[in-house]
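The block underneath contains the structure these notes are about, expressed in structure tokens.
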Amino acid sequence: MKVYQTNEIKNIALLGNDGSGKTTLTEALLYEAGLIKRRGRITAKNTVSDYFPVEQEYGYSVFSTVYHVEWNNKKLNIIDCPGSDDFVGAALTALNVTDTAVLLLNGQYGAEVGTQNHFRYTEKLGKPVIFLVNQLDDEKCDYDAILEQLTSIYGNKVVPVQYPIKTGPDFNALIDVLLMKKYSWGPEGGEPTIEEIPEDQKEKAMEMHKVLVEAAAENDETLMEKFFESETLTEDEMREGIRKGLAARGMFPVFCVCAGKDMGVRRLMEFLGNVVPFVSEMPKVHNTRGMEVTPDVDGPTSLYFFKTGVEPHIGEVQYFKVMSGKVHEGDDLNNADRGSKERMSQLFVCAGANRIKVEELVAGDIGCTVKLKDVKTGNTLNDKNSENRFNFIKYPNPKYTRAVKAVNEAETEKMMNALNRMREEDPTWVVEQSKELRQILVHGQGEFHLRTLKWRMENNEKIAIKFEEPRIPYRETITKAARADYRHKKQSGGAGQFGEVHLIVEPYYEGMPDPEVYRFNGQEFRINARSKEEVPLEWGGKLVFINSVVGGAIDARFMPAILKGVMQRMEQGPLTGSYARDVRVIVYDGKMHPVDSNEISFMLAGRNAFSMAFKEAGPKILEPIYDVEVFVPSDKMGDVMSDLQGRRGMIMGMTSENGYEKLVAKVPLKEMSNYCTSLSSITGGRASFIMSFASYELVPADVQEKLVKDFEAKQDKEE
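Quick note on my numbering: the sequence shown kicks off at 2 and runs consecutively.
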């Protein structure tokens with residue numbers, strides 16, 4: 002295979018909602034380019050994409066598939082991404098390492114929730130977008146309605162380049178208003194018959210041609226001047242204008258295909274090869290030091306590893322983009338993230354599970370390799386002249402969490418190793434061993450996402466696992482000041498143990514003044530702070546510890562032991578055993594024994610005094626509250642609002658965004674456990690949401706009562 006140069010390479014992400022036909026389109030593209038001899042079918046489980054057993058089992062894409070096609074002396078690297086929002090990590094990765102997004106639409110449904118989500122990602126990353134309407138042969142396909150829908154959502158930047166003469170089972174022809182030709186196909190699709198536009202279509206085609214010419218001219222001053230003079234542009238000028246419009250997101254061209262019958266695919270490839278921007282025409286990526294890295298073939302070599310696949314009989318397959326310079330078979334490179342050395346023993350270009358050996362890849366190209374010793378997703382390999390590192394891919398926060406257990410506890414370590422390996426393949430899986438909750442947690446993007454993980458664990462790794470509800474990381478705090486004292490005394494022959502601690506606890510907030518005087522039961526306690534220690538707690542909030550002991554009642558050397566005892570109790574609050582936070586402790590008096598006092602005595606006295614005072618200080622439970630943004634079709638807004646309010650959610654606002662309503666709410670984490678499943682059920686899968694931690698707030702009294710009772714019952718059972 003020839004070595005393609007940077008100005009001959011185009012990188013494209015293929016996106017679209019589940020069921021839009023990306024896998025089928027991939028088969029048609031590879032067939033037209035001559036990389037496969039016959040098109041596979043999803044039902045026959047013989048497609049180039051979706052070749053992993055879990056994908057064939059469930060019938061949907063789980064992983065992105067990297068492949069290439071050669072067309073008109075250009076190399077098109079294409080990444081076919083899963084449509085489900087549960088596998089958003091693959092789509093975001095693909096968009097970050099490609100330069101243009103082809104957004105596929107199901108001819109029956111038009112712009113679905115997946116379309117909206119993917120478009121939002123292209124917006125954030127500033128990537129060009131081409132809309133591609135597929136399944137024009139579906140009897141419910143209405144191309145004009147889809148065009149109207151796209152225009153209402155994305156405005157007049159949506160410009161059709163093609164339109165079908167008719168849709169439905171008889172679809173076999175379309176009009177291309179860029180070339181002003183009619184394309185038609187026989188029953189088997191493939192190579193089209195190209196003819197002049199029939200008389201009955203000329204007026205419509207001319208109108209759409211004028212709109213396209215104007216849109217192309219808008220993105221280049223020279224072309225705009227020419228357009229005003231002659232009201233037309235040549236084919237090459239239009240291509241140039243469209244390319245600039247795409248790169249600036251000034252226009253979103255609309256194309257048509259029927260991928261299942263291989264109609265329109267060849268013309269799409271011509272457009273991708275001739276018009277979409279090259280790697281060199283897109284904004285440059287910055288390394289972690291903020292320096293711009295140009296895809297320069299003569300620059301130092303840097304490879305960014307964006308995806309890891311694990312394949313039977315091969316092991317890890319590492320996919321990379323050449324960010325700068327060129328890489329050859331046998332090159333020795335340095336891992337900038339892990340400090341290790343790697344040899345690129347083999348280089349391949351990809352076509353799903355098939356790989357074609359190459360000797361060299363240059364800046365801007367995408368390839369893969371095997372048998373690397375110590376390279377993980379997100380790592381950078383450099384030659385000796387480069388010090389680049391990259392971390393430009395930002396993944397969304399998880400939306401669905403489950404505690405995971407190996408059915409056979411002896412397999413827990415094996416399960417953890419497998420989970421960490423899977424995270425290499427999909428960085429949106431987050432695995433956490435929670436010391437606080439005493440659970441292993443798996444955070445993902447949805448129920449679908451975690452169901453896939455379970456299938457792979459049980460079928461590929463042969464480890465039976467079960468999911469459970471995750472515990473909620475509550476916090477405990479106090480609402481008023483309280484006082485307590487405790488004497489620890491123990492005598493058992495020889496030296497004994499003695500320590501007495503008198504202390505006051507009160508709620509702490511940032512910037513509160515130092516204490517001076519307290520009154521309890523008519524008695525006044527004056528405070529003269531000798532030392533103050535602020536302890537930021539790793540679980541959030543603070544403990545402020547003040548030594549106000551006068552007259553040497555407790556020696557200063559015992560203060561760290563008292564603090565240690567208090568901290569032990571902060572780690573297991575008295576109400577539910579949750580972490581306590583935001584407390585100020587003032588040790589103001591006590592007693593010690595010249596022989597029997599030691600650190601352990603004061604640690605125990607401090608712990609028990611703190612526990613007694615905490616229970617008298619109006620203790621309250623805090624729960625984590627999350628900011629939730631729901632993107633919902635307007636006709637389902639009322640149902641979604643009612644559901645959120647039923648989850649103790651507080652609606653903070655509503656806005657319209659690209660044809661969908663955006664609902665903003667604050668919701669307790671406890672109520673979000675099964676939200677993604679419920680939202681899908683309420684809206685027929687047409688809504689999506691994102692969530693992020695906001696704050697800790699007091700739980701309502703009835704909820705607190707139930708939590709305390711449940712904890713006490715659990716304690717009794719354990720005793």
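Cβ coordinates follow ideal geometry from the N, Cα and C atoms, glycine included. Quantities reported herein were computed from a predicted structural model and do not represent experimental measurements.
What span of residues does the alpha helix (DSSP H) with residue i cover, start to end?
i    : result
L273 : V266 to N275
R649 : From DSSP, R649 is part of no alpha helix (DSSP H); its letter is neither H nor E.
M673 : From DSSP, M673 is part of no alpha helix (DSSP H); its letter is neither H nor E.
L730 : Nothing can be reported for residue 730, as the shown portion of the chain is limited to 2 through 720.
A610 : E600 to E617
D237 : E236 to A248
K400 : Looking at the DSSP string, K400 is not in any alpha helix (DSSP H), and its letter there is neither H nor E.
Alpha carbon to alpha carbon, how far is residue j from residue i? Give it in angstroms, no decimals.
i    : j    : result
G523 : A496 : 39 Å
D51  : L576 : Low confidence applies to D51: its pLDDT is 47, below 50, so where it sits in the model is not reliable enough to give any reading.
V443 : W430 : 7 Å
R250 : D628 : 30 Å
E534 : G553 : 19 Å
W186 : L36  : 22 Å
E617 : E507 : 10 Å
G191 : D86  : 32 Å
F632 : K358 : 44 Å
Y475 : E706 : 14 Å
Q136 : D145 : 14 Å
M225 : L213 : 13 Å
D711 : L670 : 18 Å
E317 : N18  : 28 Å
H594 : V668 : 53 Å
R439 : A407 : 14 Å
F499 : N599 : 7 Å
In the DSSP assignment, what are the bridge partners of residue i?
i    : result
I147 : DSSP lists no partner for I147.
N73  : DSSP, once it has assigned bridges, lists no residue as partnering N73.
V408 : Answer by DSSP bridge pairing: none, since V408 is not bridged.
C259 : M264
F88  : According to DSSP, which records beta bridges pairwise, F88 is partnered with nothing at all.
Q524 : F521
M692 : V629
Q163 : D177
At which residues does the beta strand (DSSP E) containing residue i begin and terminate?
i    : result
G368 : I367 to V371
Q446 : Looking at the DSSP string, Q446 is not in any beta strand (DSSP E), and its letter there is neither H nor E.
L438 : Segment: none, L438 is in no beta strand (DSSP E) and carries neither H nor E.
L137 : No beta strand (DSSP E) contains L137, which DSSP labels as neither H nor E.
I555 : Where I555 is concerned, there is no enclosing beta strand (DSSP E), given that its DSSP letter is neither H nor E.
DSSP on residue i, reduced to helix/strand/coil?
i    : result
L504 : strand
M571 : helix
D51  : No answer about D51 holds up, because its pLDDT of 47 lies below 50 and its placement is not dependable.
P301 : coil
T168 : coil
Y32  : helix
R457 : helix
A714 : helix
I79  : strand
S341 : coil
A216 : helix
Y110 : coil
I13  : strand
N335 : strand
T223 : helix
F391 : coil
A465 : coil
S231 : helix
request  = Count the C-beta pairs between the region 694-708 and the region 617-624 that are closer than 8 Å, then say yes if the count reaches three, no if not.
outcome  = Verdict: yes, contact present.
request  = Give a yes or no on contact between the region 390-402 and the region 275-289, applying the rule of three or more CB pairs nearer than 8 Å.
outcome  = yes
request  = Pair every Cβ in the region 417-431 with every Cβ in the region 451-462, then say whether three or more of these pairs are closer than 8 Å.
outcome  = yes
The region 95-110 / the region 131-149 touching (three or more Cβ pairs under 8 Å) = yes
At least 3 beta-carbon pairs within less than 8 Å: the region 94-108 vs the region 639-653 = no
ask   = Should the region 25-35 be called in touch with the region 255-264, which here means at least 3 C-beta pairs below 8 Å?
value = With the cut-off at 8 Å, the region 25-35 and the region 255-264 touch.
inquiry  = For the structure I just gave you, are there three or more beta carbon pairs, one from the region 338-357 and one from the region 64-71, closer than 8 Å?
reply    = The region 338-357 is in contact with the region 64-71.
ask   = Between the region 79-92 and the region 233-246, do at least 3 Cβ pairs fall closer than 8 Å?
value = The region 79-92 vs the region 233-246: no contact.
task = Say whether the region 566-583 touches the region 604-612, bearing in mind that this needs 3 or more beta-carbon pairs closer than 8 Å, one atom from each stretch.
result = yes
query = Are at least three pairs of beta-carbons, each pair with one atom in the region 121-139 and one in the region 7-26, less than 8 Å apart?
reply = yes
query = Are at least three pairs of beta-carbons, each pair with one atom in the region 289-298 and one in the region 405-417, less than 8 Å apart?
reply = no
query = So does the region 376-386 actually touch the region 318-336, counting three or more Cβ pairs closer than 8 Å?
reply = yes
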